[in-house]
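Chemist: What follows is a single structure, and I will ask about it in a moment.
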Amino acid sequence: MKRGIIIKTPRTLKSRMIAILLLTTLIPLALLGAVSILSIEKMTNKKIENGLFNALKLTSSNLESTLNNMDYVSLQLTSEGSVGQKLFNYLSMDSRYQKLELSQDIQSNMNLVNFTNPSLGLILYHLTKGNEILFQNMNIRPDADFFKLPLLAKWKGVVFSGPHTTLYRYGNNQVFSLLRPIYDPSGGSNDNQVYVYIETNLKLFEQILNKQQYGMTASNVLINDQGIIVYSDSVDDYKPGMRYSVPESIGTTFKTIKGNQYIFGQRNEQGWSLLAVIDKKDYQKEFNSWLWMFVLIVCTGLIISLLFAYALWGMVYRPLRKVGKDIKLMADNRFTSSIPYTNIAEFDVLVHTSYQMRNRIQELISDVEQREINKRKLEVEKLLYQINPHFIHNTLNTIQWLAKMNGQNEIDQLVSVFTRVLNYNLGKKGEVVPLKAELEALQDYAALQRIRYDHQFKVISDIDEGLLEINIPRFILQPIVENAFYHGLHDENGMITVSIHRGSGHSMLIEVKDNGQGMTPEEISQVIAEEKNPLKESGLGIGLDYVKRMLKASYGVQCQFKIESYVGQGTVVTLIIPLQFPKVITNNVYENGHNQLENSHSR
Numbered sequence: 001m002k003r004g005i006i007i008k009t010p011r012t013l014k015s016r017m018i019a020i021l022l023l024t025t026l027i028p029l030a031l032l033g034a035v036s037i038l039s040i041e042k043m044t045n046k047k048i049e050n051g052l053f054n055a056l057k058l059t060s061s062n063l064e065s066t067l068n069n070m071d072y073v074s075l076q077l078t079s080e081g082s083v084g085q086k087l088f089n090y091l092s093m094d095s096r097y098q099k100l101e102l103s104q105d106i107q108s109n110m111n112l113v114n115f116t117n118p119s120l121g122l123i124l125y126h127l128t129k130g131n132e133i134l135f136q137n138m139n140i141r142p143d144a145d146f147f148k149l150p151l152l153a154k155w156k157g158v159v160f161s162g163p164h165t166t167l168y169r170y171g172n173n174q175v176f177s178l179l180r181p182i183y184d185p186s187g188g189s190n191d192n193q194v195y196v197y198i199e200t201n202l203k204l205f206e207q208i209l210n211k212q213q214y215g216m217t218a219s220n221v222l223i224n225d226q227g228i229i230v231y232s233d234s235v236d237d238y239k240p241g242m243r244y245s246v247p248e249s250i251g252t253t254f255k256t257i258k259g260n261q262y263i264f265g266q267r268n269e270q271g272w273s274l275l276a277v278i279d280k281k282d283y284q285k286e287f288n289s290w291l292w293m294f295v296l297i298v299c300t301g302l303i304i305s306l307l308f309a310y311a312l313w314g315m316v317y318r319p320l321r322k323v324g325k326d327i328k329l330m331a332d333n334r335f336t337s338s339i340p341y342t343n344i345a346e347f348d349v350l351v352h353t354s355y356q357m358r359n360r361i362q363e364l365i366s367d368v369e370q371r372e373i374n375k376r377k378l379e380v381e382k383l384l385y386q387i388n389p390h391f392i393h394n395t396l397n398t399i400q401w402l403a404k405m406n407g408q409n410e411i412d413q414l415v416s417v418f419t420r421v422l423n424y425n426l427g428k429k430g431e432v433v434p435l436k437a438e439l440e441a442l443q444d445y446a447a448l449q450r451i452r453y454d455h456q457f458k459v460i461s462d463i464d465e466g467l468l469e470i471n472i473p474r475f476i477l478q479p480i481v482e483n484a485f486y487h488g489l490h491d492e493n494g495m496i497t498v499s500i501h502r503g504s505g506h507s508m509l510i511e512v513k514d515n516g517q518g519m520t521p522e523e524i525s526q527v528i529a530e531e532k533n534p535l536k537e538s539g540l541g542i543g544l545d546y547v548k549r550m551l552k553a554s555y556g557v558q559c560q561f562k563i564e565s566y567v568g569q570g571t572v573v574t575l576i577i578p579l580q581f582p583k584v585i586t587n588n589v590y591e592n593g594h595n596q597l598e599n600s601h602s603r
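Sequential numbering from 1 applies to the sequence shown in UniProt numbering.
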């Protein structure tokens, strides 16, 4: 299953600068705004709540004062007052002339009371017997019924009613009224009771229950002492006649939330309660106004940040364009342009460095061109002296054929072995070979050395056959065996043991051991470093240094190369390499290695 490759599109410097500037503006504003919003909301709510409670207390106090004033005036009109005494005498007289004089006096007193109390309107006496009205200061409706008015409160023997439509014949304003019994002339008969009736003036109601006095749109709701709504500006939500529960404690203010409405209320000592109902939208209007102002400030700050971002981008973009243009000219091999200084110190340093780099690149290009010219000259000279490898192989085959024809078996065998060694060593195909091929080439090399020096020595192989197909780098065993041959074996009992087995983990353990004279640590260092190495003058001429570098280039740190040698006891060369040969190897590895082989053979 193939996995899709996701290539992320790089973000431009412009977008990053704008994002950073916006964040540097937004984050402080957001933190400051969060604190400010919480604080302002709390302060605004507290301010509005205090203002509403103060306005509610004032309205309730004004209404209470009006009712107390009516109560006080009604006491003057009872038998305890002078007017009430005159009314008692008036009702007791039989002489019409005396009644007329007394009625004028009573009427004058009634007018005086009304004049000295401008908050009052209609004032009269009502006798239940015959439904008689006495000493009224204003005409009343013919159908007036004093006992069917909406009850507000019963307090100290007085009945407060309202708000209701005035009983004044020619008016339809809302008023509050008081009905107080004076005495019973018949001595207890309810059918002959005398009452004093007083109303507020026609404009007082609108002044007391004004909807705008709270500083915002509010609805007044008046609840009587029995918990029944008697008046409401918001008829839909608080209909007269509905019950509404209020706290029992007198004089206590309270606040509740019902749906989208805030309700502020106070219970009066006379028993009635006044509510101010405010819509949530109106209640939060002041805070919302402040919030919109804050949003406007934030938007203004963002716009200013964007302007600064574009200005800053211009300061960066123009120098970058100049530098980019100069780099493009270098890419087009145009090195004659002038230095595009930007008058910005940081960019001018970059431009100057770019100019120095341009000069250096120009010098390097000239140097490379000169080297190419020299290389082509060298190749031409090399072709003049190069010997075709096919010519060498063909010549050896001819020598081998002549040896067979003349019965020279030793020469035939020598040439045959040497041809195989030469084919393996000069082969151009494959720098990685199976272990089996490397071992076969090793046996050919050993046979060649026996024939060449007439020197008998044994090469014993102890190989794990399961490893024969494992790929290894070419030419890592022959230099080790060659080193053992030249540094260790000097008698007929010489023996070289090549042992190859699986190591710990996924590794291969290769040991090449001889029973020769051994080497000192100094000689080991010289052999590895190829200092005074006799292999340069005879044999393959490759050396152990090639083995080390080839292993390091092929396996990196996953391989180990170790030499242990004791004078008089022999030498052991140990290689530990991975079983799995790396799949990807740079061409330089084998190119360098092969060049070393070719150079070694050409010496």
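C-beta: ideal position from N, C-alpha, C; glycine also. Values in this document were obtained by computation on a predicted structure and should not be read as measured data.
For Gln560, name the three-state secondary structure that DSSP assigns.
Modeler: strand
Chemist: Tell me the residue span of the beta strand (DSSP E) that contains Thr116.
Modeler: Counting along the chain, Thr116 falls outside any beta strand (DSSP E), though it belongs to the alpha helix (DSSP H) covering 96-116.
Chemist: Leaving out five residues before and five after Arg360 in sequence, what residues of the same chain have Cβ atoms less than 8 Å from its Cβ?
Modeler: none
Chemist: Do you know how far the Cα of Ile411 is from the Cα of Lys404?
Modeler: 8 Å
Chemist: Quick check: the region 133-147 against the region 161-172, are at least 3 beta-carbon pairs closer than 8 Å?
Modeler: yes
Chemist: Thinking Ile496 and Val459 are a contact (beta carbons under 8 Å), I'd like their distance in whole angstroms, please.
Modeler: 5 Å
Chemist: Anyone know if the C-beta pair for Ile208 and Ser74 falls short of 8 Å?
Modeler: no
Chemist: When the Cα of Gln362 is compared with those of Ile327, Glu346, Gly259, which residue comes out closest?
Modeler: Ile327
Chemist: Quick check on the DSSP output: the alpha helix (DSSP H) that includes Met550 runs from which residue to which?
Modeler: Element bounds for Met550: 544-555.
Chemist: Hey, how far is the Cα of Gly241 from the Cα of Asn111?
Modeler: 36 Å
Chemist: According to DSSP, simplified to helix, strand and coil, what is Leu26?
Modeler: helix
Chemist: Please look up how many angstroms separate the CB atoms of Glu286 and Thr44, rounded, as I've assumed it's under 8 Å.
Modeler: 6 Å
Chemist: Restricting to Cα atoms, I'd like to know which of Leu509, Leu29, Leu151 is closest to Leu178.
Modeler: Residue nearest to Leu178 within the set Leu509, Leu29, Leu151 is Leu151 (criterion: CA-CA distance).
Chemist: Mind checking who Asn471 pairs with in its DSSP beta bridge?
Modeler: Pro434
Chemist: For Ile399, collect the residues of the same chain with a Cβ closer than 6 Å to its Cβ; drop the 5 residues on either side in sequence, then sort them by chain order.
Modeler: Val415
Chemist: Cβ atoms of Leu442 and Gln478: under 8 Å apart, would you say?
Modeler: yes
Chemist: Quick one: Cα of Ser16 to Cα of Ala309, how far?
Modeler: Just to set this straight, residue 16 is Arg in the shown sequence, not Ser. Their backbone Cα atoms lie some 10 Å apart in a straight line.
Chemist: Just to confirm, are Val512 and Val573 a CB contact at a threshold of 8 Å?
Modeler: yes
Chemist: Whole angstroms is fine: what's the gap from Val230's alpha carbon to Val221's?
Modeler: 8 Å
Chemist: Which residues mark the beginning and the end of the alpha helix (DSSP H) in which Ser92 is found?
Modeler: 82-92 is the extent of the alpha helix (DSSP H) around Ser92.
Chemist: Taking the C-alpha atoms as reference points, what is the distance between Ile472 and Leu435?
Modeler: 6 Å
Chemist: For Val421, which residues in the same chain have their Cβ closer than 6 Å to its Cβ, ignoring the five residues on either side in sequence?
Modeler: Asp444, Tyr445, Leu448
Chemist: Am I right that Lys86 and Asp105 are in contact with their C-beta atoms under 8 Å? What's the rounded C-beta distance?
Modeler: 6 Å
Chemist: Going by C-alpha distance, which of Ile304, Glu522, Ile344, Gly301 is nearest Lys322?
Modeler: For Lys322, the closest of Ile304, Glu522, Ile344, Gly301 by C-alpha to C-alpha distance is Ile344.
Chemist: Could you give the uninterrupted runs of the beta strand (DSSP E) lying entirely in the region 494-523, keeping only those of 3 residues or more?
Modeler: 495-502, 507-514
Chemist: Got a sec? Which residues, its chain only, sit under 6 Å from Met93 by beta carbon, not counting five neighbours each side?
Modeler: Setting aside the 5 residues that flank it on each side, Met93 is surrounded in the same chain by Lys99, each with a C-beta closer than 6 Å to its C-beta; the list follows chain order.
Chemist: Which runs of the beta strand (DSSP E) fall wholly inside the region 125-211 and span at least 3 residues, in chain order?
Modeler: 132-134, 151-155, 158-165, 174-181, 194-200
Chemist: Taking the straight line between their C-alpha atoms, what separation do you get for Lys203 and Asn173?
Modeler: 8 Å
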